[in-house]
Amino acid sequence: MTTFVLIHSVLLAILIATAVAITRMRALYGATMLAALFSLVTACLFVLLDAVDVAFTEAAVGVGISTVLLLGGLALTRSREAVTPRRRRLPGAVVVLLTGGVLAYAALDLPEFGSADSPVQRHPITETYLHESQKDIGIPNTVTSVLASYRGLDTLGELVVVFTAGLAVLSLLGPLARPEQVRPPADFHLADYRVIRVVTGTLMPLILLFALYVLFHGDYGPGGGFQAGVIFASGFVLYGLVFGLDKAQQVVPRAALWLLISLGLLVYVGLGLTTMLLGGSFLDYDVLDPDHPASGQHLGILVVETAIGVTVASVMTAIFFSFAARGVSR
Amino acid sequence: MTQLPVLQVTIPLACAPLCVLVRSRTAAWLVFLAAALFSLTCAALLTEQVADDGPVRYRMGGWPVPAGIEFVVGDFSTPILLLVSLSAAAAAVYGHRSVAAEMDARRSTLLYACLCLTLAGLLGLTVTGDVFNAFVFLEISSLATYTLIAMGRRRRALLAAFRYLVIGSVGAVFVLIGIGLAYAVTGTLNMADLAQRLSDSGGNRAVQAAVVFVFVGLAIKMALFPLHAWLPAAYAEAPSVVSTFIAAASTKVAIYVLCRFAFTVFGASLVFHSMPGDRIGLLLAAVAMLVASAAACLQNDLRYLLAWSSIAQIGYIMAGVALATTAGLSAAYLHIMAHAVTKAALFGTAGLLLIRLGSVQLSALAGIGRRMPWTFAAFVVAGLGLIGVPPTAGFVSKWALVAALVERDQWLVLGALLASSLLAVFYVGRVVEIAWFREPPEGAEPVRPATSMVAAVWFLALLSLYFGIDPTLPDRLADAAASALLGTGGG
Numbered sequence: 134m135t136t137f138v139l140i141h142s143v144l145l146a147i148l149i150a151t152a153v154a155i156t157r158m159r160a161l162y163g164a165t166m167l168a169a170l171f172s173l174v175t176a177c178l179f180v181l182l183d184a185v186d187v188a189f190t191e192a193a194v195g196v197g198i199s200t201v202l203l204l205g206g207l208a209l210t211r212s213r214e215a216v217t218p219r220r221r222r223l224p225g226a227v228v229v230l231l232t233g234g235v236l237a238y239a240a241l242d243l244p245e246f247g248s249a250d251s252p253v254q255r256h257p258i259t260e261t262y263l264h265e266s267q268k269d270i271g272i273p274n275t276v277t278s279v280l281a282s283y284r285g286l287d288t289l290g291e292l293v294v295v296f297t298a299g300l301a302v303l304s305l306l307g308p309l310a311r312p313e314q315v316r317p318p319a320d321f322h323l324a325d326y327r328v329i330r331v332v333t334g335t336l337m338p339l340i341l342l343f344a345l346y347v348l349f350h351g352d353y354g355p356g357g358g359f360q361a362g363v364i365f366a367s368g369f370v371l372y373g374l375v376f377g378l379d380k381a382q383q384v385v386p387r388a389a390l391w392l393l394i395s396l397g398l399l400v401y402v403g404l405g406l407t408t409m410l411l412g413g414s415f416l417d418y419d420v421l422d423p424d425h426p427a428s429g430q431h432l433g434i435l436v437v438e439t440a441i442g443v444t445v446a447s448v449m450t451a452i453f454f455s456f457a458a459r460g461v462s463r
Numbered sequence: 003m004t005q006l007p008v009l010q011v012t013i014p015l016a017c018a019p020l021c022v023l024v025r026s027r028t029a030a031w032l033v034f035l036a037a038a039l040f041s042l043t044c045a046a047l048l049t050e051q052v053a054d055d056g057p058v059r060y061r062m063g064g065w066p067v068p069a070g071i072e073f074v075v076g077d078f079s080t081p082i083l084l085l086v087s088l089s090a091a092a093a094a095v096y097g098h099r100s101v102a103a104e105m106d107a108r109r110s111t112l113l114y115a116c117l118c119l120t121l122a123g124l125l126g127l128t129v130t131g132d133v134f135n136a137f138v139f140l141e142i143s144s145l146a147t148y149t150l151i152a153m154g155r156r157r158r159a160l161l162a163a164f165r166y167l168v169i170g171s172v173g174a175v176f177v178l179i180g181i182g183l184a185y186a187v188t189g190t191l192n193m194a195d196l197a198q199r200l201s202d203s204g205g206n207r208a209v210q211a212a213v214v215f216v217f218v219g220l221a222i223k224m225a226l227f228p229l230h231a232w233l234p235a236a237y238a239e240a241p242s243v244v245s246t247f248i249a250a251a252s253t254k255v256a257i258y259v260l261c262r263f264a265f266t267v268f269g270a271s272l273v274f275h276s277m278p279g280d281r282i283g284l285l286l287a288a289v290a291m292l293v294a295s296a297a298a299c300l301q302n303d304l305r306y307l308l309a310w311s312s313i314a315q316i317g318y319i320m321a322g323v324a325l326a327t328t329a330g331l332s333a334a335y336l337h338i339m340a341h342a343v344t345k346a347a348l349f350g351t352a353g354l355l356l357i358r359l360g361s362v363q364l365s366a367l368a369g370i371g372r373r374m375p376w377t378f379a380a381f382v383v384a385g386l387g388l389i390g391v392p393p394t395a396g397f398v399s400k401w402a403l404v405a406a407l408v409e410r411d412q413w414l415v416l417g418a419l420l421a422s423s424l425l426a427v428f429y430v431g432r433v434v435e436i437a438w439f440r441e442p443p444e445g446a447e448p449v450r451p452a453t454s455m456v457a458a459v460w461f462l463a464l465l466s467l468y469f470g471i472d473p474t475l476p477d478r479l480a481d482a483a484a485s486a487l488l489g490t491g492g493g
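Residue numbers (my numbering), protein chains in the order written: chain L, 134 to 463; chain F, 3 to 493.
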C-alpha cells in the first residue's frame, strides 16, 4: 500500500510541476512537448488506477495525435506566447483559486481513496457491470461492454462530438474556407533522408496492422474503436509528414475522407435504427441474433467499434490534412 | 409510437452526416427541413401522449435502469421539445434564402449539418434522464454552435466563436466536475436514482460542491449575468439563420437543464433551502435585467442590441425559476416560450435588413420602415412582445411573472423588472424611431426580400400575437410543467 501511495504521490508531483511549467512557459513548442508529457503522466496514473482502456486512449490521443495537431497549428501561427499584463491575470487567478477551493472543500466528504466500501462499489450497477455482463454480453473486457452496449448512446454521442469537431475544422481551415490560401508544394521532403524513408516504410504496415488488432481485440483487452482510429490516423500522419501531403492525399483522397467521416456515424445510427426495426429498442443488440442474445451483443459491439474506428481515423486524418495544406500567414 | 422519444433525437442526428454527403445546398436544406419537421411532429405526438398517459420512459438498448441510459419525456420537457423543434422548423424555412445570400454552396452543406447536430443535441438534452448523457448532448450542441457562429460573414465571427468556445468549454467542464462529484457520492448517473440517493445528503460537502459546479457551468451556458460575456458577439456575428435559431432555443434549453438538475436531481430543498440558491438566483436575475437592458440602450448595432436584450430576458426567466414556486416556474416556462418566439422573429428581421442594407448599424436603418413596410411591421409586433405590451405573448408571461413575484413579496426584483421594461421601451422605441421617422437616404434601390424569409418572420410574430390573445395552450403547458417539476422527486 505504501509503495502504491508513494508512486501516486510522485506522479502527481510530476503532474503539478509540468502544469506549472506549461503555464510559465512562453515558447509554445516547449509547452506543447510538456503538454504531451502531462498526458503521458496522466496515462500512467490511469494505469495505476487499473483504468487501462482510458490510459490507452489518453496515450494515443493526448500524447500522440493532439501533439502533432498542436505542432501543426503552431507552424501556421507564431510560436511564442504574448505576455498578458499582470493586471489582467488577476481575475483568472481568483477564479482558479476559487475553483480549487471548492474542489478541496468537496474532497472533505468524498469517499476514501480506493475504499472498497464507497457508494460506487456498493451500488447494484457495479454488480451488473462486473458479473452479469459476463452472462448477458459475454465478453471479458467489461469496459467495452459498458461503453458499447450498456451506455452505447453516450458512445454514439462522443462519436458525434468527434464528427462535429471534424466538420468545424474542415469548414474553418479546410480548402472550403479559403481556397486561395493553399500552401505551395514543399521543395524538400523528409523522404530525402534514407533512414527516415526506410524506417517509415517499415513502420507503416505495422502501425496499420496494430490499429486493426486494437480494434478487434477491444472485446478481450484494452482497446477499441477510438484508440484504433487514432492509431490508424497516426499512420497516415506519419506518411504525410515524411512523403509530403500530395503523396498522402493520393493514398487517401479528400473525397474518400468526406465519405468515411459520415459513413462511420451513419453506420452507428443505422445500427440503432436497425435494432428498432427488428423489434428491440435503440441499440438493443440482442435482437440481431434472437436465439443467442450474447452473440447478437458480440456482433453489435463489433459493428459499433468498427464504425467508431472509421470515423475517428478519417476525422483525425482530415484535420491533419487541413492543417498541413494551409498556407502560412504570420 | 413507443419509439418516439428516441426517434425525436436520432433522426436529426442521422440527418447531419446525410447533409455532408449530399453535396448540394438545396438537398442539404431539404434534409434539415425534413429533420426539423419530423422532430416537430414527434414533439407534438409526445406532448399529446404525455398529457394523456403521464411521463414516457424509454430504455436504451433494452437495459434495465440505472445500468443503461433512459430517456424521460414528462410534462416538464414537452414545452421545450415543442419550442426547440418549432424554432428549428421556422429557421429552416427562413434559412434557405438567407444562407444562399450569405455563404457559398459547399460550406452551406456543413452549416446545415451543424444545424442538424445542434437540433439533435438540444432535443437530446431535453429528453435525457441520465446526467452524463446530458453532458454528452450538451457537448454536441455546444460544439456545433461554436462552429455555426464561426461561419459568420465577418472575421469578427471567428473571434466571437473562439471566445464562446473557451468560456463554454469551461462551463462544460464545470458541469462535468459536478456530475463526477455526484457520481462519487452516489454511484449512479440516472437522474431518478440520483434524486433518490441524494434526498438525505443535505449536509454532504461534496454534494454541495456538485451543486455549485453544475449551476455555475449551466449559468455560463445560459448566459446568466455576470457570466454572459460570450453572448453578445456570438449572437450578433453568427449567420442570420443561426442567430434566429440559437437565440430562440439554446439558452432556453440550458435553463431547462438547470431546472431539471435543481428540482428533479438535487431537489428543491437542497438547492433553495439548505443552500442560498433562491437568493443568489433572484439577485443575479435582477442585476441581469437592469444591466443588460441598460447596455442594450447603448448599442449602435441592431443585432448587438437584440443580443443584450436576450441577456436581460434570461434574467426574467431566472427570476421565475429562483422563486421555486408553482407560479414562478409556470411564469418562467411562459416567458421561455414567449421570448423564444419573439426573439427569433426579431433576429429574423435583423437578418432580412442585413441582406438589404449590408449592415444593421442603427444609423444605416434610417427610413427602412417606409421602404420595407411589411418586414419592419413584423419587427414592431415582435418588439412590442419584447417590451410586454398587450396583446402579445410577452405581456402574458410578464404578467404571470409579476403575479408570482408579488405572491412572494419580492418587491425589489419587481422594481428591477419594471425598470428593465421601461428600458426596453426605450431601446425598441429608438429602433422604431430611426426606421420610421428618419428620412431614408436618397437613391437606394429597393430590393424585394425573399418571400420565404418574410413568411417565417411573420409566422413567428403572429404566433407571439396569437399566444397573447389566446394563451390557453402555453398556459396549460407551463402549468403542467411547473407542477411536474415541483411534484416529482425524481424525473
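Backbone N, C-alpha and C fix where the C-beta goes; we use that ideal spot for every residue, glycine too.
Point to revise | Cross-chain neighbours of Thr-188(F) in chain L, by beta carbon under 9 Å | key: As a first step, residue 188(F) is located in the second sequence; it is residue number 186 there, counting from the start. Listed along chain L, the residues sitting closer than 9 Å to Thr-188(F) by beta-carbon distance are Pro-252, Val-253, His-256.
**Study point:** Residues bridged to Val-74(F) [DSSP beta-bridge criterion]
**Key:** Along the second sequence, one-based indexing puts residue 74(F) at 72. DSSP, once it has assigned bridges, lists Arg-59(F) as partnering Val-74(F).
Check your understanding: Would Lys-400(F) be called buried (16 or more neighbouring beta carbons within 10 Å of its own) or exposed?
Key -> Taking the first residue of the second sequence as 1, we reach residue 400(F) at position 398. Around the beta-carbon of Lys-400(F), 16 or more other beta-carbon atoms lie within 10 Å, marking it buried.
Point to revise | Nearest residue (CA-CA) to Tyr-429(F), options Val-133(F), Leu-292(F), Phe-227(F) | key: Working through the second sequence from its first residue, we reach residue 429(F) at position 427. The candidate whose alpha carbon is nearest that of Tyr-429(F) is Leu-292(F).
Check your understanding: Ala-340(F) and Ala-384(F): beta carbons closer than 8 Å?
Key -> Numbered from 1 along the second sequence, position 338 holds the residue referred to as residue 340(F). Numbered from 1 along the second sequence, position 382 holds the residue referred to as residue 384(F). Contact flag unset, no.
Review point. Relative to the alpha-carbon of Thr-246(F), which residue among Tyr-306(F), Ala-92(F), Glu-104(F) has its alpha-carbon at the smallest distance?
Key: Mapped onto the second sequence, residue 246(F) falls at position 244. Nearest option by C-alpha distance: Ala-92(F).
Exercise for review: Check Gln-267(L) in the structure and name its three-state DSSP category.
Suggested key: Looking up residue 267(L) in the first sequence gives position 134. Assignment of Gln-267(L) by DSSP, reduced to helix, strand and coil, places it in the helix class.
Practice item. Specify the secondary structure class of Phe-5(F) as computed by DSSP and reduced to three states. Key: Walking along the second sequence from the start, residue 5(F) turns up at place 3. Sequence inspection shows Gln at residue 5(F); the Phe mentioned does not correspond to that position. Three-state DSSP puts Gln-5(F) in coil, outside helix and strand.
Review point. Along chain L, in chain order, which residues have C-beta atoms closer than 8 Å to that of Ile-282(F)?
Key: Position 280 of the second sequence, counted from the first residue, corresponds to residue 282(F). Within chain L, no residue comes near Ile-282(F); the closest Cβ sits about 15 Å away, beyond 8 Å.
Exercise for review: Run down chain L in chain order and give the residues with a C-beta less than 8 Å from the C-beta of Thr-12(F).
Suggested key: Translated into positions along the second sequence, residue 12(F) becomes position 10. Simply Val-402, Gly-405, Leu-406, Phe-415.
Exercise for review: Grab me the residues of Cys-177(L)'s own chain with a C-beta within less than 7 Å of its C-beta, minus the 5 sequence neighbours each way, in chain order.
Suggested key: Position 44 of the first sequence, counted from the start, is the residue given in the question as residue 177(L). If we look at Cys-177(L) and ignore the five residues flanking it on each side, its Cβ neighbours are Leu-144.
**Study point:** CB contact flag (Val-423(F), Ala-347(F), <8 Å)
**Key:** The sequence position of residue 423(F) within the second sequence is 421, counting from 1. The sequence position of residue 347(F) within the second sequence is 345, counting from 1. It should be noted that the sequence gives Ser, not Val, for residue 423(F). By the CB criterion at 8 Å, Ser-423(F) and Ala-347(F) fall outside the cutoff.
**Study point:** Beta-carbon spacing of Gly-131(F), Asn-206(F) below 8 Å
**Key:** Position 129 of the second sequence, counted from the start, is the residue given in the question as residue 131(F). Position 204 of the second sequence, counted from the start, is the residue given in the question as residue 206(F). If you check the CB distance, Gly-131(F) and Asn-206(F) do not come in under 8 Å.
Review point. If we cut at 8 Å on Cβ distances, does Thr-200(L) have a partner in chain F?
Key: On the first sequence, position 67 is the one that residue 200(L) refers to. So, not an interface residue.
Check your understanding: Which of helix, strand or coil does DSSP assign to Thr-344(F)?
Key -> Here residue 344(F) refers to the residue found at position 342 of the second sequence. Assigned with DSSP and collapsed to three states, Thr-344(F) falls in helix.
Practice item. Report the neighbours of Pro-68(F) on chain L: residues whose CB is nearer than 7 Å to its CB, in chain order. Key: Counted from its first residue, the second sequence places residue 68(F) at position 66. In chain order: Ile-258.
Practice item. Given a cut-off of 8 Å, decide if Gly-170(F) and Ile-222(F) are closer than it, judged by their beta-carbon atoms. Key: One-based indexing of the second sequence puts residue 222(F) at position 220. One-based indexing of the second sequence puts residue 170(F) at position 168. Contact check for Ile-222(F) against Gly-170(F) passes: the beta carbons are separated by less than 8 Å.
Review point. Less than 8 Å separating the beta-carbons of Gly-166(F) and Tyr-185(F)?
Key: One-based indexing of the second sequence puts residue 166(F) at position 164. One-based indexing of the second sequence puts residue 185(F) at position 183. It should be pointed out that residue 166(F) corresponds to Tyr in this sequence rather than to Gly. Contact flag unset, no.
Exercise for review: Consider the Cβ of Glu-441(F): report whether some Cβ of chain L lies at a distance smaller than 8 Å.
Suggested key: Taking the first residue of the second sequence as position 1, residue 441(F) is located at position 439. So no, Glu-441(F) is outside the interface.
Review point. Comparing alpha-carbon positions, which option in Leu-47(F), Thr-188(F), Leu-32(F) lies nearest Thr-4(F)?
Key: Along the second sequence, one-based indexing puts residue 4(F) at 2. Among Leu-47(F), Thr-188(F), Leu-32(F), the Cα nearest to that of Thr-4(F) is on Leu-47(F).
Review point. Does Arg-463(L) have its Cβ less than 8 Å from a Cβ in chain F?
Key: Position 330 of the first sequence, counted from the first residue, corresponds to residue 463(L). With a pLDDT of only 44 at Arg-463(L), under the threshold of 50, the placement of this residue in the model should not be trusted; the figure read from the coordinates follows. Not one chain F Cβ lies under 8 Å of Arg-463(L).
Check your understanding: Are there 16 or more other CB atoms within 10 angstroms of the CB of Asp-250(L), so buried, or fewer, so exposed?
Key -> Translated into positions along the first sequence, residue 250(L) becomes position 117. By the neighbour-count rule (16 or more Cβ atoms within 10 Å), Asp-250(L) is not buried but exposed.
Review point. Closest to Val-294(L) by CA distance: which of Thr-120(F), Thr-190(F), Val-172(F) is it?
Key: Numbered from its first residue, the first sequence carries residue 294(L) at position 161. The shortest CA-to-CA distance from Val-294(L) to any of Thr-120(F), Thr-190(F), Val-172(F) is the one to Thr-120(F).
Exercise for review: Can you grab the Cα-Cα spacing for the pair Gln-382(L) / Phe-453(L), in whole Å?
Suggested key: Along the first sequence, one-based indexing puts residue 382(L) at 249. Along the first sequence, one-based indexing puts residue 453(L) at 320. Rounded to the nearest whole angstrom, the CA to CA distance from Gln-382(L) to Phe-453(L) is 11 Å.
Check your understanding: Going by Cα to Cα distance, which pick from Ala-352(F), Thr-253(F), Thr-328(F), Asp-411(F) is closest to Asp-477(F)?
Key -> The sequence position of residue 477(F) within the second sequence is 475, counting from 1. The shortest Cα separation from Asp-477(F) among Ala-352(F), Thr-253(F), Thr-328(F), Asp-411(F) belongs to Thr-328(F).
**Study point:** Gln-412(F) (DSSP reduced to helix, strand or coil)
**Key:** Within the second sequence, residue 412(F) is the residue found at index 410, counting from 1. Coil, per DSSP.
Check your understanding: What residues in the stretch 109 to 141 of chain F bring their beta carbon closer than 7 Å to a beta carbon of chain L?
Key -> Residues passing the 7 Å Cβ filter: Arg-109, Leu-112, Ala-115, Cys-116, Leu-119, Phe-134, Asn-135, Val-138, Phe-139, Glu-141.
Check your understanding: From the DSSP output, which residues share a beta bridge with Thr-130(F)?
Key -> To locate residue 130(F), count along the second sequence from 1; it is residue 128. Thr-130(F) pairs with Phe-73(F).
Check your understanding: Any contact of the stretch 218 to 236 of chain F with the stretch 284 to 303 of chain L, i.e. 3+ C-beta pairs under 8 Å?
Key -> Taking 8 Å as the limit for Cβ pairs, the verdict is that the stretch 284 to 303 of chain L does not touch the stretch 218 to 236 of chain F.
Review point. For Glu-435(F), does the count of other Cβ atoms within 10 angstroms reach 16, so buried, or fall short, so exposed?
Key: Within the second sequence, residue 435(F) is the residue found at index 433, counting from 1. Per the 10 Å Cβ criterion, exposed.
Review point. Arg-281(F) lies in the alpha helix (DSSP H); which residues open and close that run?
Key: Your numbering for residue 281(F) matches position 279 in the second sequence. Looking at the DSSP string, the run of the alpha helix (DSSP H) that includes Arg-281(F) is 279 to 299.
Point to revise | Below-8 Å beta-carbon distance, Thr-28(F) vs any chain L residue | key: Reading the second sequence from its first residue, position 26 is the one you call residue 28(F). No, Thr-28(F) lies away from the interface with chain L (no Cβ there is under 8 Å from its Cβ).
**Study point:** Span of the alpha helix (DSSP H) around Leu-183(F)
**Key:** Along the second sequence, read from residue 1 onward, the residue named residue 183(F) stands at position 181. Unbroken alpha helix (DSSP H) run through Leu-183(F): 158 to 188.
Review point. So, does the CB of Pro-218(L) fall closer than 8 Å to a CB anywhere in chain F?
Key: For this step, residue 218(L) is matched to residue 85 along the first sequence. Interface residue (Cβ-Cβ distance to chain F less than 8 Å): Pro-218(L) is not classified as such.
Review point. In three-state terms, what does DSSP make of Ala-482(L)?
Key: This structure does not reach residue 482(L), given that chain L is present from 134 up to 463, and the question cannot be answered.
Check your understanding: So, is the C-beta of Pro-244(L) closer than 8 Å to a C-beta in chain F?
Key -> As a working mapping, residue 244(L) is identified with position 111 in the first sequence. Closer than 8 Å to some Cβ of chain F, the Cβ of Pro-244(L) qualifies, so yes.
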